[in-house]
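Notes for the one structure printed next.
Number of protein chains: 2
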Amino acid sequence: MQIKLVEVGLRDGLQNERIILGTEDKVRVAKGLLAAGVRHLEVTSFVSPRWIPQLADATQLAHQLPSLADVVYRALVPNRKGAERAAQTPIHEWAVFMSASETHNRKNINKSISDTYPVLREVMEMAKEQGIRVRGYVSTVFGCPYEGKVSTAQVLRVCEQLLQMGVYEISLGDTIGVATPKAVKSLLQECQQHIPLTQIAGHFHDTRGTGLTNAYTALEMGVRTLDTSLGGLGGCPYAPGASGNLATEDVLYLLQQEGIDTGIDLARVCETSEFVQTKCRRPLPSKVLQSHLAQKRQEKRGDES
Amino acid sequence: MQIKLVEVGLRDGLQNERIILGTEDKVRVAKGLLAAGVRHLEVTSFVSPRWIPQLADATQLAHQLPSLADVVYRALVPNRKGAERAAQTPIHEWAVFMSASETHNRKNINKSISDTYPVLREVMEMAKEQGIRVRGYVSTVFGCPYEGKVSTAQVLRVCEQLLQMGVYEISLGDTIGVATPKAVKSLLQECQQHIPLTQIAGHFHDTRGTGLTNAYTALEMGVRTLDTSLGGLGGCPYAPGASGNLATEDVLYLLQQEGIDTGIDLARVCETSEFVQTKCRRPLPSKVLQSHLAQKRQEKRGDES
Chain A
1 MQIKLVEVGL RDGLQNERII LGTEDKVRVA KGLLAAGVRH LEVTSFVSPR
51 WIPQLADATQ LAHQLPSLAD VVYRALVPNR KGAERAAQTP IHEWAVFMSA
101 SETHNRKNIN KSISDTYPVL REVMEMAKEQ GIRVRGYVST VFGCPYEGKV
151 STAQVLRVCE QLLQMGVYEI SLGDTIGVAT PKAVKSLLQE CQQHIPLTQI
201 AGHFHDTRGT GLTNAYTALE MGVRTLDTSL GGLGGCPYAP GASGNLATED
251 VLYLLQQEGI DTGIDLARVC ETSEFVQTKC RRPLPSKVLQ SHLAQKRQEK
301 RGDES
Chain B
1 MQIKLVEVGL RDGLQNERII LGTEDKVRVA KGLLAAGVRH LEVTSFVSPR
51 WIPQLADATQ LAHQLPSLAD VVYRALVPNR KGAERAAQTP IHEWAVFMSA
101 SETHNRKNIN KSISDTYPVL REVMEMAKEQ GIRVRGYVST VFGCPYEGKV
151 STAQVLRVCE QLLQMGVYEI SLGDTIGVAT PKAVKSLLQE CQQHIPLTQI
201 AGHFHDTRGT GLTNAYTALE MGVRTLDTSL GGLGGCPYAP GASGNLATED
251 VLYLLQQEGI DTGIDLARVC ETSEFVQTKC RRPLPSKVLQ SHLAQKRQEK
301 RGDES
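Here the protein sequences come in this chain order: A and B. Read in order, the letters of the first sequence are residues 1 to 305 in full-length UniProt numbering. Read in order, the letters of the second sequence are residues 1 to 305 in full-length UniProt numbering.
Shown next, in the form of structure tokens:
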């Protein structure tokens with residue numbers, strides 16, 4: 001079984017952290033991840049720097065990333081202005097994003113769902129001109145911080161609009177981490193009536209500890225792409241102090257034990273996460289990372305005694 | 001589907017925490033759990049107080065717990081001496097314990113596996129005289145901190161010896177939290193050739209973030225009893241700083257969302273865990289607890305502004 005892990009720590013992780021990592025540090029993180037074998041990295045977002053100061057260095061970062069033949073760098077592109085900026089960089093792939101829930105879409109993008117489509121269509125046209133592939137993100141597919149449960153019909157409507165625009169893949173986001181396997185199975189069962197699951201990515205958050213279980217359920221259903229964040233970097237903007245993105249290390253450990261090779265070296269990812277953790281000045285949420293660091297401390301004590 | 005949760009925080013949780021909770025505080029925790037609807041509590045261990053000072057107050061605690069008709073209190077009983085102490089208390093159920101791995105058994109009990117059986121048999125006989133049911137714990141069933149992988153044949157040998165002695169249930173412990181679903185399925189498939197899964201409890205640790213996924217896998221296989229610890233209380237003695245027991249809250253949240261009623265009120269468990277967290281002076285590992293506390297802080301800020 002081939003599983004594609006998309007490392008979103010530098011974008012989705014950092015945009016939800018208090019600290020702002022310098023461009024040099026971000027390049028160091030990217031290089032660490034590349035050395036570990038990561039091949040798909042979402043590195044930044046071309047949104048207004050006023051909105052997300054953590055990612056204000058999008059253009060500089062894009063130019064400083066090492067160029068490797070088999071590596072795909074992706075960035076979020078919210079609108080025409082973002083697309084104009086992104087087009088001036090060597091970023092390989094773009095991603096457009098919106099929510100399945102009307103209220104979350106309005107709060108996040110400042111537009112209704114129906115007013116969002118034309119904006120994204122413009123981005124899609126510019127991407128086509130550039131010969132750039134675009135992924136689509138759909139947020140709040142299992143629940144919305146404002147509306148509660150989101151209907152599968154509404155999720156599918158948004159997915160179909162994005163596919164019609166030409167996105168090659170849709171990442172379904174459990175933005176507030178409310179899903180459990182039952183909901184994952186139910187949505188994916190409905191989904192695959194309309195969209196091949198090879199075009200679906202699972203973007204799970206671990207806010208309530210269910211991220212890994214949901215990811216495993218999605219794999220069992222036939223999903224082959226998962227979004228993860230090194231160390232579990234990035235909190236939950238709707239519950240500061242809670243966990244956010246599913247941790248790369250936790251997924252990697254599980255896949256390894258299940259006999260699924262991703263070509264990614266877990267220990268080397270941990271090394272990079274340890275650097276990020278030092279910068280964030282807080283223990284990152286990944287349990288595999290913490291277990292790895294605890295063992296490292298213990299071995300060090302053993303050597304000293 | 002009926003799922004039985006056995007709350008092991010006061011025993012397995014506290015014995016791996018640095019702080020020592022006073023008897024009064026332990027009684028407060030037990031009362032909080034009872035008020036939340038918990039009905040099966042493992043509260044202490046009648047091992048030598050020199051070994052586990054955190055549980056040195058076993059006898060006092062046992063006498064101070066509220067007596068309720070439908071509540072089962074259980075304690076670990078390692079040997080004849082422990083059984084003599086336990087027999088003087090109103091504890092309803094005992095548990096004997098050993099490891100599937102020879103080295104872990106020696107390090108933990110100071111005896112070989114074969115020398116452990118007669119000791120436990122003596123406890124079983126005393127329990128029979130008292131009309132007391134006994135559970136059996138088998139540790140390190142998926143891996144040993146000293147030997148690595150443990151063979152299924154070895155796990156089954158130990159289980160069969162315990163069942164022959166008369167334990168009514170066996171709790172299979174992933175003591176160092178190394179299992180993933182493949183290992184859980186494989187062990188349980190082998191297991192159910194010899195032991196009905198209704199006699200098996202899943203005792204998962206979350207050291208590598210796989211606890212909930214493994215518990216869910218065990219439920220899918222037919223296991224109906226899970227051991228959990230409030231807040232995820234209790235670390236990993238083999239990797240200080242890493243997570244230990246699977247958190248009660250995380251399991252409860254998943255079960256609720258799956259439509260499985262346990263009769264336990266999640267918010268009230270969180271209240272009790274918050275008290276324990278204050279005593280431990282560190283954030284407990286349960287993601288549901290931390291998410292709950294984050295929302296509570298946010299609501300409080302909302303009220304104040």
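Think of the CB as a built atom: it goes at the ideal place given N, C-alpha and C, for glycine as much as any other residue.
C-beta atoms of residue i and residue j nearer than 7 angstroms
{"i": "Gly131/A", "j": "Val96/A", "result": "no"}
{"i": "Lys26/B", "j": "Leu10/B", "result": "yes"}
{"i": "Gln54/B", "j": "Leu14/B", "result": "yes"}
{"i": "Arg281/A", "j": "Ala36/A", "result": "no"}
{"i": "Thr44/A", "j": "Ala83/A", "result": "no"}
{"i": "Ser291/B", "j": "Ala239/A", "result": "yes"}
{"i": "Asp174/B", "j": "Phe204/B", "result": "yes"}
{"i": "Val167/A", "j": "Val134/A", "result": "yes"}
{"i": "Val77/B", "j": "Trp94/B", "result": "yes"}
{"i": "Leu252/A", "j": "Leu266/A", "result": "yes"}
{"i": "Ile195/B", "j": "Ile3/B", "result": "no"}
{"i": "Tyr73/A", "j": "Leu41/A", "result": "yes"}
{"i": "Gly218/A", "j": "Gly235/A", "result": "According to the sequence as given, residue 218/A is Ala; it is not Gly. Their beta carbons are not under 7 angstroms apart, which means Ala218/A does not touch Gly235/A by this criterion."}
{"i": "Thr152/B", "j": "Leu187/B", "result": "yes"}
{"i": "Glu169/B", "j": "Gln199/B", "result": "yes"}
{"i": "Val223/A", "j": "Leu197/A", "result": "yes"}
{"i": "Thr213/A", "j": "Thr213/B", "result": "yes"}
{"i": "Thr210/A", "j": "Leu254/B", "result": "yes"}
{"i": "Val38/A", "j": "Glu7/A", "result": "yes"}
{"i": "Pro145/B", "j": "Ile109/B", "result": "no"}
Local conformation of residue i per DSSP, three classes
{"i": "Leu68/A", "result": "coil"}
{"i": "Arg297/B", "result": "helix"}
{"i": "Gly211/A", "result": "helix"}
{"i": "Ser114/A", "result": "helix"}
{"i": "Lys26/A", "result": "helix"}
{"i": "Thr278/B", "result": "helix"}
{"i": "Ser286/A", "result": "coil"}
{"i": "His292/A", "result": "helix"}
{"i": "Gly302/A", "result": "helix"}
{"i": "Val138/B", "result": "strand"}
{"i": "Ile109/B", "result": "helix"}
Residues of its chain near residue i, where Cβ-Cβ distance is below 7 angstroms and the 5 sequence neighbours each way are ignored
{"i": "Gln34/B", "result": "According to the sequence as given, residue 34/B is Leu; it is not Gln. Around Leu34/B: Pro66, Leu68, Val71."}
{"i": "Glu274/B", "result": "Leu293"}
{"i": "Arg106/A", "result": "Ser112"}
{"i": "Glu271/B", "result": "Gly32"}
{"i": "residue 307/A", "result": "The question about residue 307/A has no answer, for chain A in this structure spans 1 to 305."}
{"i": "Pro237/A", "result": "Asn16"}
{"i": "Asp115/B", "result": "none"}
Residues of its chain near residue i, where Cβ-Cβ distance is below 6 angstroms and the 5 sequence neighbours each way are ignored
{"i": "Leu183/A", "result": "Leu is not the amino acid found at residue 183/A; the sequence shown has Ala there. Once the five neighbours on either side are set aside, the close Cβ partners of Ala183/A are Phe142."}
{"i": "Ile91/A", "result": "Ala62, Tyr73, Ala75"}
{"i": "Pro49/A", "result": "Ala56"}
Close beta carbons around residue i, own chain, < 8 angstroms, minus the five adjacent residues each side
{"i": "Thr23/A", "result": "Asp57, Gln60, Leu61, Gln64"}
{"i": "Ile52/A", "result": "Gln15, Ser45"}
{"i": "Glu17/B", "result": "Gln54, Leu233, Gly234, Gly235, Cys280"}
{"i": "residue 306/A", "result": "Here chain A has residues from 1 to 305 only, and residue 306/A is not among them."}
Sufficient close CB pairs (3 or more, under 8 angstroms) joining the segment 90–106 of chain A to the segment 133–145 of chain A: The answer is yes - the segment 133–145 of chain A touches the segment 90–106 of chain A, with three or more Cβ pairs under 8 angstroms.
Starting from the N-terminal side, write out each stretch of the alpha helix (DSSP H) that is 4 residues or longer and does not extend beyond the segment 151–187 of chain B. The segment 151–187 of chain B contains these whole alpha helix (DSSP H) runs: 152–165.
At which residue ranges does the segment 216–260 of chain A contain complete alpha helix (DSSP H) runs of 4 or more residues, listed in the order of the chain? You should have 248–257.
Inter-stretch contact (C-beta, 8 angstroms, three-pair minimum) for the segment 284–292 of chain A and the segment 239–259 of chain A: With the cut-off at 8 angstroms, the segment 284–292 of chain A and the segment 239–259 of chain A touch.
Secondary structure, beta strand (DSSP E): runs of 3+ residues fully inside the segment 80–106 of chain A: Entirely contained in the segment 80–106 of chain A, the beta strand (DSSP E) runs reaching 3 residues are, in chain order, 93–99.
Any chance you could list the beta strand (DSSP E) runs of at least 3 consecutive residues sitting entirely within the segment 1–64 of chain B, in chain order? Counting whole runs of 3 or more residues, the segment 1–64 of chain B contains the beta strand (DSSP E) stretches 4–7, 40–45.
Residues within the segment 151–164 of chain B neighbouring chain C, beta-carbon criterion of under 7 angstroms: You won't find chain C in this structure, because its protein chains are A and B.
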